[in-house]
Amino acid sequence: MSSLKYCVIAVVVLLAGCAKPIVDETGPLNIQRVTVTTAPTVKSETEIGPRLQAAVSQKIVGKDPAGKPSTVNIEIQRVAYKNAVMSVLVGSANTLGTEITIADLAGNPLKTQAFNQVQDGAINGIVGAAISLMQEKALVDQQLIDGYSVDLERKIYGPPGHVPAVKAQPAAKPATVPAPQGAPVAEPQAIPTS
Numbered sequence: 000m001s002s003l004k005y006c007v008i009a010v011v012v013l014l015a016g017c018a019k020p021i022v023d024e025t026g027p028l029n030i031q032r033v034t035v036t037t038a039p040t041v042k043s044e045t046e047i048g049p050r051l052q053a054a055v056s057q058k059i060v061g062k063d064p065a066g067k068p069s070t071v072n073i074e075i076q077r078v079a080y081k082n083a084v085m086s087v088l089v090g091s092a093n094t095l096g097t098e099i100t101i102a103d104l105a106g107n108p109l110k111t112q113a114f115n116q117v118q119d120g121a122i123n124g125i126v127g128a129a130i131s132l133m134q135e136k137a138l139v140d141q142q143l144i145d146g147y148s149v150d151l152e153r154k155i156y157g158p159p160g161h162v163p164a165v166k167a168q169p170a171a172k173p174a175t176v177p178a179p180q181g182a183p184v185a186e187p188q189a190i191p192t193s
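For the sequence shown, numbering that gives the first Met the number 0 begins at 0 and goes up steadily by one.
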């Protein structure tokens with residue numbers, strides 16, 4: 000069972016690397032503002048919202064000035080810390096769960112999707128339980144923020160040097176010239192040679 004869990008985690012990590020960056024769907028983006036809201040049910044050790052907004056803004060605002068002017072709204076829906084009992088029974092991790100919405104400046108959504116940061120999920124059992132009991136939650140918050148901002152930058156813009164795949168515009172139909180109607184057509188005449 001334990002090796003199966005690690006195989007599943009490995010496959011998920013590998014497949015996550017195959018996901019296309021958002022700019023491949025939307026075209027280049029010039030993100031001008033990041034806002035963060037926190038669901039009332041979220042309980043974190045620190046004021047994670049303003050710190051996440053500052054870290055993400057530093058990574059993604061103004062990165063591509065030639066792109067479509069846009070904004071990013073991040074809704075924090077979940078902050079969970081590694082749990083000792085769950086770590087022993089089925090596995091547990093530190094998690095920051097969000098929903099991101101990228102919109103144009105008029106507020107029209109270009110892309111909305113869930114985006115999560117998970118850390119310390121691979122170490123479970125007795126060692127994982129010990130880690131969960133000894134971890135400093137304020138430090139965990141900062142590690143989640145740091146990892147989230149780096150991963151979100153990569154999710155939006157792709158790896159360093161990535162060129163967005165621009166959606167091809169449909170080719171214009173060639174103009175058709177109607178054939179003249181009722182015009183007489185002359186047969187070619189032979190030219191005498193002498």
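Glycine residues also receive a C-beta, built at the ideal position from the N, C-alpha and C atoms.
Alpha carbon to alpha carbon, how far is residue j from residue i? Give it in angstroms, no decimals.
i, j, result
"S148", "V55", "5 Å"
"A53", "L151", "13 Å"
"T25", "L95", "25 Å"
"I155", "Q57", "14 Å"
"K19", "R153", "10 Å"
"P27", "A164", "9 Å"
"Q168", "V162", "Reliability fails at Q168, whose pLDDT of 41 lies under 50, so the model's placement of it is uncertain and the value that follows must be treated cautiously. For Q168 and V162, the distance between alpha carbons rounds to 17 Å."
"T97", "P159", "24 Å"
"P39", "G157", "32 Å"
Name the residue from the options whose alpha carbon lies nearest to the alpha carbon of residue i.
i, options, result
"P49", "T37, K42, V41", "T37"
"K42", "K154, D140, I155", "D140"
"P68", "E98, P158, V33, Q112", "V33"
"D145", "Q116, A79, A164", "Q116"
"R77", "F114, T70, R153", "F114"
"E135", "A164, A18, Y80", "Y80"
So, residue i versus residue j, is the Cβ gap smaller than 8 Å?
i, j, result
"G66", "N107", "no"
"L143", "Q112", "no"
"I75", "V35", "yes"
"I73", "L51", "yes"
In chain order, what residues of the same chain have a beta carbon less than 7 Å from the beta carbon of residue i, not counting five sequence neighbours either side?
i, result
"T45", "A137, D140"
Any heavy atom of the ligand NAD closer than 7 Å to the CB of residue i?
i, result
"K19", "The ligand content of the structure shown is nil, which means the ligand NAD is not present either."
To which residues of the same chain is residue i closer than 8 Å at the C-beta, ignoring the five residues directly before and after it?
i, result
"Q31", "V60, G61, P68, S69, T70, L104"
- Task: Decide if the stretch 52 to 62 is in contact with the stretch 102 to 112; the criterion is three or more beta carbon pairs, one per stretch, under 8 Å apart.
- Result: Here the stretch 52 to 62 makes no contact with the stretch 102 to 112; the two share fewer than three CB pairs at distances below 8 Å.
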